[in-house]
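Below: the structure, in structure tokens.
Number of protein chains: 2
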Amino acid sequence: MPQLDLTATSVDLTRAVCDIPSVSDDESHLADLIEAAIRPQAHLDVIRDGDVIVARTHTGASQRVVIAGHIDTVPINDNVPTRDIEIDGEPYLWGRGTVDMKSGLAVQLKLAAELVAPRIDVTWMWYDHEEVDAARNGLNRLSQSRPDLFAGDFAILGEASNGQVEGGCNGTLRAVVRTHGVRAHSARAWIGENAIHAAAPVLARLAEYRPRDVAVAGLVYREGLNAVRISGGVAGNVIPDLCEVEVNYRFAPSSSVDQAADHVRNVFAGFEVEITDAAAGARPGLDAPLAREFLAAVGAEPRPKYGWTDVARFSALGIPAVNYGPGDPQLAHHDEERVPIAQIEAVERGLRSWLSPS
Amino acid sequence: MPQLDLTATSVDLTRAVCDIPSVSDDESHLADLIEAAIRPQAHLDVIRDGDVIVARTHTGASQRVVIAGHIDTVPINDNVPTRDIEIDGEPYLWGRGTVDMKSGLAVQLKLAAELVAPRIDVTWMWYDHEEVDAARNGLNRLSQSRPDLFAGDFAILGEASNGQVEGGCNGTLRAVVRTHGVRAHSARAWIGENAIHAAAPVLARLAEYRPRDVAVAGLVYREGLNAVRISGGVAGNVIPDLCEVEVNYRFAPSSSVDQAADHVRNVFAGFEVEITDAAAGARPGLDAPLAREFLAAVGAEPRPKYGWTDVARFSALGIPAVNYGPGDPQLAHHDEERVPIAQIEAVERGLRSWLSPS
């Protein structure tokens, strides 16, 4: 079994962890390597729970930050092993996981080994199954079985944020809007009622909908309401009796799931609406004292996070949380996934400067 | 092998042919029985071609009528053997094929044997594979391989018409109307373009569409334009880049297929429209002298036929054609398919009175 060398540069370490495939459901080998590299660090108290590894400092500091990252990736598509490439003169590391989020993971692993006496106590958390359904998410599982491990004043998730600090995240809700009709032979359509025609106002309301921009604790969250699926029809000669429009509402963290559901029901008033899935957003939490210190140390302008991330799990536990990691989130899951080398180094510097004793 | 007794009543003969399953692709046994019963009739010249049986009188009359019926049914669904039932005091024969169209077939078989010297020469045609795609339709096949057998001045198809005369039929055209967009993550919808939202005007035009009533040779054909299928969507968190609406246009026989296609393209002007399937309608042809005699003899008020039927094949060969058969077409293919006994007898009387020497 190859060893992970935590004294290597964070860029070399990114290359190493990317070249060890760990697609969701197949993370155990990488988890084993991480455990083997972290367990000997005398300043860390290490817990392995399934494929989650928790490593805590106990310096006696008055405050604690949880710094977390997932170790799985979406499926590889001929983009492993990594390659060094250059775009417009700038060096990049190319390949699956470079953005989402093994560069962030590499920075965390390196600093976990290096910072033997951080200014603030740190709970490092590396977890499995982030890229699949929430029921299998390692962080979710552990937050239920071992909430004690999540004790902290602030949390940082290493998800790609272009090296900026992205606060909180929008919530997400899915609903199915249904229209009903009466089947009939299409040669005698007047005997039936066309459920697809009845969905015309549903699409019209979606097309006319103007999403809100909502300011929450100084950040402006851009909402969205979109059809993500439509289906209806029985056969080529039958008037359809059912049409379903699945919509996805991304809502600012100032709204609760119940408020978001009410909003969707209002938009589609007069139609059958079934809420099928929902997850609350996370308030940016940037007014917490540790958050303010962190922002000052890394010198980044905070931005809102639009996509739902696991910061919402910390938020649900009452812990302010932000996203901070190298890589452009729009290249996550992309076949041309790639991270600027400079962003890996910048995030490493940012975290180190904040956590190092002054 | 049981014999078909063509001297039985048309009701008993309906019962007999319904109790011999002949779902499309499995008609040969019934075709064999029909051939065995018809072949000995000295006044008939019989041709077997695949599972099509053609039986012609040669009385030397100056005019000829083609009287046709299909021998297959849609799949049986626990509704064979037939049963005698009563609804509101009226006797019915219940079971698969009683409406579509073995009652009409039975009347034709009985009269083919009985009318040894009809007033007008008759070409009887019983054919296979009407309930499946046109490429396998026995009448369609024979009209291409033996158009000579279709010589005639008038044609009657025994499809269910409630014992009334239904002239011609509407044409039918299917088209797919497509909208395009740009995929994006639904958390950042503003980067993409939603193809489902773009379909809002397509559904609005369908919902607002008022179909025409078109008078053709004295009959009023009711048109219809309907969505029969809609689909779109990639995943629950992706802005969809394609939406397809399949529409079915039923158009009066005064319009050609090209005119119907132009109409559909006009309705959806500004959208991508692909015509996927089309079949011309059939003009009622009730102004033909034989048709007028026939209407007078059977004493029926002619009505328009809305559904597309094989009368259109005769129409395409230049032969005026009508539908005339027992049973309510709305019960065709229905699990509770059933025919009023009185309608079988009425259609038998109607055809006999018209064809018998005066």
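As given, the protein sequences belong to chains A and B, one line each in that order.
In this text, residue positions in the first sequence follow the numbering used here: the first is -18, and each later residue adds one.
In this text, residue positions in the second sequence follow the numbering used here: the first is -18, and each later residue adds one.
Heads up, the beta-carbon is just placed ideally off N, CA and C, and yes, glycines get one too.
Only a predicted model underlies this, so the values are computations on that prediction, with no experimental measurement involved.
Partners in chain C for residue i, counting only beta-carbon separations shorter than 8 Å
| i | result |
| --- | --- |
| HIS166/A | Protein chains in the displayed structure are A and B, and chain C is not among them. |
Cβ-Cβ separation, residue j to residue i (assumed contact under 8 Å), whole Å
| i | j | result |
| --- | --- | --- |
| ALA281/A | SER334/A | About 12 Å separates the two Cβ atoms, so there is no contact after all. |
| SER(-9)/A | ALA87/A | 5 Å |
| GLN22/B | ALA94/B | 5 Å |
| VAL33/A | GLY119/A | 4 Å |
| LEU154/B | ALA259/B | 4 Å |
| LEU74/A | THR(-5)/A | 6 Å |
| TYR190/B | VAL248/B | 7 Å |
Backbone CA spacing between residue i and residue j [nearest angstrom]
| i | j | result |
| --- | --- | --- |
| ARG117/B | GLN240/B | 27 Å |
| ALA216/B | GLU225/A | 15 Å |
| ALA293/B | TYR230/A | 50 Å |
| TYR287/A | ASN151/A | 5 Å |
| HIS24/A | VAL80/A | 29 Å |
| GLY78/A | PRO321/A | 13 Å |
| GLN311/A | ALA168/B | 11 Å |
| SER296/B | ILE172/B | 54 Å |
| PHE131/A | ASN218/B | 29 Å |
| GLN(-16)/B | LEU90/B | 13 Å |
| TRP289/A | GLU147/A | 11 Å |
| GLY31/A | ALA115/A | 16 Å |
| GLY149/B | ALA302/B | 6 Å |
| PRO182/B | GLU204/B | 21 Å |
| ARG261/A | ALA242/A | Rather than Arg, the amino acid found at residue 261/A in this sequence is Ala. Roughly 11 Å separates the two Cα atoms. |
| SER236/A | ASP6/A | 33 Å |
| ASP13/B | GLN324/B | 27 Å |
Element boundaries [beta strand (DSSP E), containing residue i]
| i | result |
| --- | --- |
| SER235/A | No beta strand (DSSP E) holds SER235/A; DSSP gives it neither H nor E. |
| PHE135/A | 135 to 138 |
| LEU206/A | 205 to 214 |
| ASP194/B | 194 to 197 |
| THR104/B | 102 to 108 |
DSSP state of residue i mapped onto helix, strand, coil
| i | result |
| --- | --- |
| ASP69/B | coil |
| ARG169/A | helix |
| ILE57/A | coil |
| ASN143/B | coil |
| VAL33/B | strand |
| GLY152/A | strand |
| ARG264/A | coil |
| ALA259/A | strand |
| GLU274/B | helix |
| ALA181/B | helix |
| VAL80/B | coil |
| ILE28/A | strand |
| GLY50/B | strand |
| LEU(-15)/A | coil |
| GLU189/A | helix |
| ASN304/A | strand |
| ARG319/B | strand |
| ASN247/A | helix |
| VAL279/A | helix |
| ASP6/A | coil |
Cβ pair residue i, residue j closer than 8 Å
| i | j | result |
| --- | --- | --- |
| ASP134/B | LEU271/B | yes |
| LEU298/B | SER126/B | no |
| PRO72/A | ASP65/A | yes |
| HIS161/B | ALA176/B | yes |
| LEU92/A | LEU336/A | yes |
| ILE137/A | GLN44/A | no |
| ALA188/B | HIS178/A | yes |
| VAL254/B | ALA156/B | yes |
| GLU8/A | MET82/A | no |
| TYR305/B | SER142/B | yes |
| LEU200/B | PRO285/B | yes |
| ASP59/A | VAL4/A | no |
| GLY331/B | ILE211/A | no |
| ASN207/B | VAL228/B | yes |
| CYS(-1)/B | GLY50/B | no |
| VAL328/A | PHE252/A | no |
Residue range of the alpha helix (DSSP H) that includes residue i
| i | result |
| --- | --- |
| THR(-5)/A | -9 to -1 |
| LEU90/A | 83 to 95 |
| ILE322/B | 322 to 336 |
| ASP13/B | 9 to 19 |
| ALA293/A | 292 to 297 |
| ARG284/B | Premise fails: ARG284/B lies in the beta strand (DSSP E), 283 to 285, not in any alpha helix (DSSP H). |
| ASN121/B | 119 to 126 |
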